[in-house]
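Asker:
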Amino acid sequence: MSVPHRFARRAIAAVVLAVILLGLLAAMHAARSEWNDPYPARQADRNILYAAFMERPKRLDPAQAYNENEYTFISEIYEPPFEYQYLLRPYTLVPLTARAMPVPVYLDRHGRRLPADAPARRIAYSVYTIHIRRGIMYQPAPCFARDASGHYLYQSLTRAQLGGIRTIAGFRHTGTRELVAADYVYEIKRLASPWVQSPLFSVLSHYIVGFRRFARTAARIRAALPKVDGRPPYVDLSRIPMAGVKVLGRYTYSITVHGKYPQFLYWMAMPFFAPMPPEADHFFSQPGMKSRDLTLNWYPVGTGPYMLTVNDPNRQMVLERNPNYHPDFYPRRGEPGDAQRGLLKDAGQRLPFIRRVVFSLEREQIPYWDKFLQGYYDESAISTESFNQVVQFSPGGEAELTRSMRAKGIRLVTGVAPSIYYYGFNMLDPVVGGYSQRARRLRRAISIAINIGQYISIFRNGRGLPAQGPLPPGIFGYEPGCAGRDPYIYDCIGGRLRRKPIAVARRLLAEAGYPDGRDARTGKPLLLYYDTYQTGPEAKANMDWMRKEFRKLDIQLVVRATDYNRFQQKMRHGEEQIFSWGWNADYPDPEDFLFLLYGPNSEVGGNGENSANYNNPRYNRLFNRMRNMENGPAREAIIRRMVSMAQRDAPWVWGFYPKEFRLYQAWLHNVKPNYMATNSLKYLRIDPALRARDRRAWNRPVIWPLWVVLALLALLVLPAVLVYRQKERRSPL
Amino acid sequence: MPFRFVILWSDALTYLLLAVSVFYGVYASRHEHLRAPWRRVRRNPLAMAALVVLAAYGITGLMDSVHFRLRLPGPAAPGGHAIYSPQVLSLLDVLCTPLRTHDEQTYSAPFALHAFTPKLVRLSDGRRVMEYPRLRYGGAGLTAAGGRAHDISVRCLRAAAEGVLVWLAAVVALARWRVKGAGESLRAALWRLARGETDVPWRAMLASLGVIILIVAAIANLAGEYHIFGTDQVGQDVLFEAIKSIRTDLLIGTLSTLVMLPFALALGVMAGYSGGRTDDVIQYLYTTLGSIPSVLLIIAGILSLNLYMTDHAAAFDTIAQRQDVRLLSLCVGLGVTGWIGLCRLLRGETMKLRQMDYIQAAIALGVRPRRIMTRHILPNVMHIVLIYAVISFSGLVLAEAVLSYIGVGVDPSMNSWGNMINGARLEMARDPVVWWSLAAAFLFMFTLVLAANLFADAVRDAFDPRMRT
Amino acid sequence: MIAYIIRRILYAIPILIGVNLLTFALFFFVNSPNDMARLHLGVKRVTPQAIAEWKAEHGYDQPLFYNAAAAGAGKLTHTLFFQRSVKLFVFDFGRSDDGRDIGSDIRQRMWPSLAIQVPTLVLGLAVCISMALMTVFFRGTYLDATGVVLAVVMMSISQLFYVIGGQYLFSKVLRLVPISGYDTGLSAIKFVILPIAVGIVSGIGLGVRLNRTFFLEESGKDYVRTARAKGLSEIRVLFRHVLKNAMIPILTGVVVVIPTLFTGSLILESFFGIPGLGSYLIDAIRAQDFGIVHVMVFLGSVLYIVGLILTDISYTLVDPRVRLG
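Chains as they are written, first to last, in my numbering: chain A, 53 to 785; chain B, 5 to 473; chain C, 235 to 559.
(1) Would you mind reading off the limits of the alpha helix (DSSP H) that contains Gly234/B?
(2) Name the residue from Met52/B, Pro114/B and Leu400/B whose alpha carbon lies nearest to the alpha carbon of Leu262/B.
(3) Counting along the chain, where does the alpha helix (DSSP H) carrying Cys362/C start and finish?
(4) Using a Cβ-Cβ cut-off of 9 Å, state whether Tyr581/A counts as contacting chain C.
(5) What runs of the alpha helix (DSSP H), each 4 residues or longer, lie entirely inside the segment 487-514 of chain C?
(6) Counting only Cβ pairs nearer than 9 Å, list the residues of chain C close to Ile216/B.
(7) Is there a Cβ from chain C that is less than 9 Å from the Cβ of Ala772/A?
(8) For the segment 379-397 of chain B against the segment 271-280 of chain B, do three or more pairs of beta-carbon atoms, one drawn from each stretch, fall closer than 8 Å, so that the two count as touching?
(9) Which runs of the beta strand (DSSP E), 3 residues or longer, sit entirely within the segment 667-727 of chain A?
(10) Using a Cβ-Cβ cut-off of 9 Å, state whether Gly337/B counts as contacting chain A.
(11) Measure from the alpha carbon of Val438/B to the alpha carbon of each residue in Trp171/B, Tyr111/B, Val56/B and Asp97/B, then state which is nearest.
(12) When DSSP labels each residue in this structure, what does Lys123/B get in the three-state scheme?
(13) Taking 9 Å as the CB-CB cut-off, is Val386/C touching chain B?
(14) Using a Cβ-Cβ cut-off of 9 Å, state whether Tyr727/A counts as contacting chain C.
(15) Can you check which of these residues, Lys397/A, Ile129/A, Leu139/A and Pro156/A, is closest to Thr149/A by C-alpha distance?
(16) Please tell me whether Pro297/B has its Cβ less than 9 Å away from any Cβ of chain C.
(17) Does DSSP put Leu300/A in a helix, a strand or coil?
(18) So, is Phe713/A buried or exposed, given that buried needs 16 or more other C-beta atoms within 10 angstroms?
(19) Who pairs with Pro518/A in a beta bridge, going by DSSP?
(20) Check each candidate in Tyr303/A, Arg550/A, Ala519/A and Glu531/A and name the one with the smallest Cα separation from Val232/A.
(21) From Thr210/A to Pro339/A, what distance separates their C-alpha atoms?
(22) For His37/B, count the other beta carbons within 10 Å of its own beta carbon; 16 or more makes it buried, fewer makes it exposed. Which is it?
(23) Phe233/B and Leu243/B: beta carbons closer than 9 Å?
(24) Tell me the rounded alpha-carbon separation between Ile690/A and Tyr650/A.
(25) Which stretch, first to last residue, makes up the beta strand (DSSP E) that contains Thr584/A?
(26) Do Leu355/C and Ile492/C count as a contact pair if the criterion is CB distance below 9 Å?
(27) Would Asp241/B and Arg140/B be called neighbours here (beta carbons separated by less than 9 Å)?
(28) Could you check the C-alpha separation between Leu118/A and Trp756/A for me, to the nearest Å?
(29) Can you look up Gln364/B in the DSSP assignment and give me helix, strand or coil?
(30) In whole angstroms, what separates the C-alpha of Ala197/A from that of Thr418/C?
(31) Of the residues that make up the segment 133-144 of chain B, which ones have a beta carbon closer than 8 Å to any beta carbon in chain A?
(32) Three Cβ pairs or more, each shorter than 8 Å: is that satisfied between the segment 423-433 of chain C and the segment 499-506 of chain C?
(33) Quick one, which residues of the segment 427-445 of chain A are near chain B if we go by CB-CB under 9 Å, in chain order?
(34) Hey, Pro133/A and Tyr428/A: beta-carbon distance below 9 Å or not?
(35) Under 7 Å between beta-carbons, which chain B residues line up against Tyr402/C? List them in chain order, please.
(36) So, Ser398/B versus Asn426/B, is the Cβ gap smaller than 9 Å?
Rendered as structure tokens:
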């Protein structure tokens, strides 16, 4: 046997051996779990919830986080004084770490106390005093760790001590401490510190007394301190006073806001107002921490039911039950019907139920959905693509699950979110903008032509409610049915809404000076521009549809697609013409939607959220009156006037209020969508045994095609052998 | 005039490309050293059959490159100017009018009569039921008698008959044409064609022509009545999208090379000829460009173009113009990255040529370098350019799909196979699966790339068998 | 030899500077620091002060290339370009715009990329070589013709089809492997097995053809004819002479791509949800994270240059006649 021959044999043998080994390993692995189980086999029957995150959260610091994907995590970790009751509707605030909901004390300009029913214009200040519960402890964290003599272990670290530590787990000791009122005050001061860059800074500076002044003082003090390692040093915020925020005792603090502002309590239920222990802030501000990715943005320290134990945004984030979590119980009160739905079975039980929550990075909807069907995720939204596989409508028009879904025990929960999607007209635009009758007619014609009902059925499978104005259902002032309709766009026929026929739109267009889509004066075709930053396959279908809708009026729509930044820039400069946009409620109050059309809040000039730049002085006046009223008939009347003003001017094509459909596996209990509360993990309960059983049943691998493939490969060898023998025979030797 | 021609930038370049090819053809037929390898290509049956397929694609693309705007009915503008619709149409659009205008509401399967997705319908008695609505155009002319299968088979038979007739006519025409020169009988000529006893493999070419004619006949007979490849999410005919994508992908495959050609030629030849400092600078340039990930270059190209379009919105007021410019910027992006390989090849070849006796002699005689480069070197490296262009074509078409997937391909509202595949990802997640967009894109793209690869192989073998892909 | 390598490394420095300059120019031609700040600070309620703070914190308040306000050499050194580039040359990657340490991210994401790329390369090479060898062995028979046609057909199919089809069939219909995702350690096998298979299959067409030409070229040479004439069996000729000698061009071709294995495969990683370096750059470009784009482009060009140098060296190693001058 020659050398190369042997070499080739050896190489082939090695490869075969390697493949066999790999196969064996895989088989060993598979023997312990389903072949396609994306999780370690030993987790199969544990009390773990499996969820996903689509995008890595950037900021977990409660003073900075403002995105839904960030709230998913920090709402479970940080506890503001109040929370939304899980089951009750309309949304109701209840105490979380506070002992009771505070009743504001109103003061006049001179600090004299006013009665509770004093008129709003006399009220100069409202004082909220909050008492928090005793005995609430923080999660175990190294920033609290002390040695035997009571000194902090990690608060004056040297470089040598930090050494090779790269994650928070590198600190061996942890400690805890009781929650005190000063921690809440400390966090509000962080919101006011310019270097923290809180997105709430400008909003709160209008409301909290002394906020702006504090910001100036703090910045000055910080600038005067010597730098450490070229970085600005830690500033002890508790030493700098803020006029409107005071610690009144170990468990009591007060906040003074300008004027009367009942919505302030809603703000205080957001993680922005969660407590921040100064130890944590100081711990992470030590030199060398930031360069090791050890920051508050990555390692939250809170009192909530869960704590973040694995933070690998490239792959996985894990929330683990906080062993120090204070007594907290499943609500005993719910909406009518909650008991029948089994939502009150756990009433009075200690929270949380689930031991661990594993969030895996899942960038795309499709694999997420497929894994949900295989039982590897516990809940899921329904994508348009899979809608018909999942949902059918009963003869009564009710959405229900298809048989295949019901067979899996999957349940459907629906609800209308307090959000709105709309197409906006730039009111500063010379063609579609302005307040002339002509422009109004053009906008109304377009509003009729864009058939939102069809949009909802094509792109959202009917998961939406055509909007009639800026206020979505569930928000005070929303009027359902024909009474609340936009009379310029919709007819009411037999108690049902119907979009006006296209002939009406064409007539309006002619009246606006564009008969058949052509300028009556110049004869030129009317060309309109739709500005968008969306790209990708969904966007293409969307644009095609938009163009189709405008073609009904013989208007040529040009889609100007740019990247997100360019789009934003256009919006800021008022260079857009028609755009689509949306808004999710910060809190369940009409103010949070009506301010989207408030003139001084315009995007151009005001840098605000009024992207259409709608500016109607009468609307603005009414808005100012409405904003600090208590909910009641008077407020409702004003809101109605404001909405009909907006309907008349048509600055938006009222899009739709999204209906959310979510699916839950049979083993997940206590699910009720709550669009305000983001801390709902603690209420959920799972049945791991049922899950393990179902997963096994759903994921039997289909192996026979592999044998077929192998057999085919073997068959391929046959002709090779035949030809080889033929060749050998024919060869001269 | 009832219409006004519109020449988009890419159209202009297409015409330029056409002119260049014609010029090259004339040039090559006059020079023996170029004619010989082409003769070798011509004898390769597979390559010639592929060429017929490529020609069919090319003609479709060319028809889609003749653009115009229709005059709007009604009164003219003051000043007597006619007013034209802002919608830019192409010759192909007009030919495929039924395909273009037969839009349904949403998905429907190939040859379906009903929509693919059920819809909530309110009955007259107020009850609501889910039902699959009847399509507006799919099988609209179908009468109750016979049914769909019958109708389809009748149409297919008719298509086959028509196709065979046309094909036979083509065969006879060819034979006659051949008879003219050779002075043999028509029958003998036909016999020789059938036996494949011709210098040029007419038989293979006729075979692939026959297949194409049959397909076209089938489309012509069926497409008016059915959606052969179904419809997409917003109800557009998928077959039409696939056909419209031909131009996009042909342009990407050819213009990317054309756009970069002048730079690659000039710099490559200069570097190879001059050597020294010039060579260093050019080598530095292409090594630097080459080491930047091509995705970044392409993205930067497209984003900066977007920026330009935002700043000069007035200049891009029709959809076609915007799509067109984006397409060109993608070509430039792909060209910049493809430029490097060609430049390196040309440099090496020029260095070899420079050592040749006749060049050395020219230098010794004091001929100016520019003249040497244009007169002596350039014609002798053109075969490298040709091979490179032909070989890179299929790679560019494949790259378009990948780039569209990353989101930096052609304009998302433009038809391209990449966009279709990208959209199909979502459709594959549906249940039941919507497979026809992917299938259509696959078939069209695969046929083109396969034909291009086969042809490119023959060209490479004929010109320079040692050059590797 | 060593002098040559040193010279090549020195030569790389101006190239890297050029790459840096181009990256800066390209990136900041289309993005402004203001835009980046806005993108990172989110949509709702962003104030100009917050933008200014963000820029100052990330160093984007400095001018790009030329600082007119600074004195002397500071005009060039107190610029974004200088500050960022100098650090790169000592491989200090700094932090991404959302505050993560890029170096540790790269170290972490490198492994998933390698876990796919290395087996794909090695196994793919083995498959392609053996199949090419088969076609050469059966040269002139219908097996050869079928193989060649098959190779052309396979290379005419876009990689996207292999990926979409493979994922649909093996993960969704047959449930043999997880649909997407990644795990560390041995558990990674079940996640990478399908991407590797798809990577190999989609490369077969091109690989077989390429290797076949190498083999054919080699087997046309005189010494092979001599060997045949000597009466060596065809298999022996193939293994002993053709394969051995054709390995030279094959392996030198492989050397170029070895360094780029680190940067991963874009399509495979994004389809199969594998957190490697391929998706890192694309995600960063989408998020307009200049820190990451800058580092990844730099790293990419370093690896590219290393690949070129390695190729040159491997030429001298396999063929002593080649001198590095």
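Even for Gly, the Cβ is constructed at its ideal location relative to N, Cα and C.
Answerer: With the given structure in hand:
(1) Locating residue 234/B in the second sequence gives position 230, counting from the first residue. Element bounds for Gly234/B: n/a, residue is neither H nor E.
(2) As a working mapping, residue 262/B is identified with position 258 in the second sequence. It is Leu400/B whose Cα lies nearest to the Cα of Leu262/B.
(3) Taking the third sequence and counting its residues from 1, the one referred to as residue 362/C is at position 128. Taken as a continuous stretch (DSSP letters only), the alpha helix (DSSP H) holding Cys362/C covers Ile336 to Phe371.
(4) As a position in the first sequence, residue 581/A is number 529, starting the count at 1. Judged by the 9 Å Cβ criterion, Tyr581/A is not in contact with chain C.
(5) 500-505
(6) Residue 216/B sits at position 212 when you count from the first residue of the second sequence. Within 9 Å Cβ-Cβ: nothing; Ile216/B doesn't reach chain C, min ~18 Å.
(7) Along the first sequence, read from residue 1 onward, the residue named residue 772/A stands at position 720. So, interface residue.
(8) yes
(9) 704-716
(10) Along the second sequence, read from residue 1 onward, the residue named residue 337/B stands at position 333. No, Gly337/B does not count as interfacial toward chain A.
(11) Translated into positions along the second sequence, residue 438/B becomes position 434. Minimum Cα distance to Val438/B is reached at Tyr111/B.
(12) The residue you call residue 123/B lines up with position 119 of the second sequence. If DSSP states are grouped into helix, strand and coil, Lys123/B belongs with the strands.
(13) Taking the first residue of the third sequence as position 1, residue 386/C is located at position 152. Yes - at least one Cβ of chain B is within 9 Å of the one on Val386/C.
(14) For the purposes of this step, residue 727/A is taken as the residue at position 675 of the first sequence. No - not a single Cβ of chain C is within 9 Å of the one on Tyr727/A.
(15) Residue 149/A sits at position 97 when you count from the first residue of the first sequence. Looking at the Cα atoms, Ile129/A is the closest of the given residues.
(16) Residue numbering aside, residue 297/B sits at position 293 when the second sequence is read from its first letter. With 9 Å as the cut-off, Pro297/B counts as an interface residue toward chain C.
(17) Residue numbering aside, residue 300/A sits at position 248 when the first sequence is read from its first letter. The answer is strand: DSSP assigns Leu300/A an E or B state.
(18) By one-based count along the first sequence, residue 713/A stands at place 661. Per the 10 Å Cβ criterion, buried.
(19) Here the question's residue 518/A lines up with position 466 in the first sequence. Answer is Phe708/A.
(20) As a position in the first sequence, residue 232/A is number 180, starting the count at 1. The candidate whose alpha carbon is nearest that of Val232/A is Tyr303/A.
(21) Working through the first sequence from its first residue, we reach residue 210/A at position 158. Working through the first sequence from its first residue, we reach residue 339/A at position 287. Taking the straight line joining both Cα atoms gives about 8 Å.
(22) The sequence position of residue 37/B within the second sequence is 33, counting from 1. By the 10 Å Cβ count, His37/B comes out exposed.
(23) As a first step, residue 233/B must be located in the second sequence, where it is residue number 229. As a first step, residue 243/B must be located in the second sequence, where it is residue number 239. Yes, these two residues count as a Cβ contact at 9 Å.
(24) Position 638 of the first sequence, counted from the start, is the residue given in the question as residue 690/A. Position 598 of the first sequence, counted from the start, is the residue given in the question as residue 650/A. Answer to the nearest angstrom: the Cα atoms are 14 Å apart.
(25) Within the first sequence, the letter at position 532 stands for residue 584/A. Counting along the chain, the beta strand (DSSP E) containing Thr584/A begins and ends at Leu579 to Thr584.
(26) Along the third sequence, one-based indexing puts residue 492/C at 258. Along the third sequence, one-based indexing puts residue 355/C at 121. Result yes, Cβ atoms of Ile492/C and Leu355/C sit closer than 9 Å.
(27) One-based indexing of the second sequence puts residue 241/B at position 237. One-based indexing of the second sequence puts residue 140/B at position 136. For Asp241/B and Arg140/B, no; Cβs fall outside 9 Å.
(28) Along the first sequence, read from residue 1 onward, the residue named residue 118/A stands at position 66. Along the first sequence, read from residue 1 onward, the residue named residue 756/A stands at position 704. According to the sequence provided, residue 118/A is Tyr. The question's Leu does not apply to it. If you take the alpha carbons of Tyr118/A and Trp756/A, they lie about 51 Å apart.
(29) On the second sequence, position 360 is the one that residue 364/B refers to. Looking at Gln364/B - three-state DSSP - the assignment turns out to be helix.
(30) Along the first sequence, read from residue 1 onward, the residue named residue 197/A stands at position 145. Along the third sequence, read from residue 1 onward, the residue named residue 418/C stands at position 184. About 31 Å.
(31) Val133 and Met134
(32) yes
(33) Ser435, Thr436, Glu437, Ser438, Phe439, Asn440, Gln441, Val442, Gln444 and Phe445
(34) In the first sequence, the residue the question calls residue 133/A occupies position 81. In the first sequence, the residue the question calls residue 428/A occupies position 376. No, Cβ-Cβ distance for Pro133/A and Tyr428/A is not below 9 Å.
(35) Residue mapping note: residue 402/C aligns to position 168 of the third sequence, counting from 1. Per Cβ cutoff of 7 Å: Met432.
(36) Your numbering for residue 398/B matches position 394 in the second sequence. Your numbering for residue 426/B matches position 422 in the second sequence. In this structure, Asn426/B does not lie closer than 9 Å to Ser398/B by Cβ.
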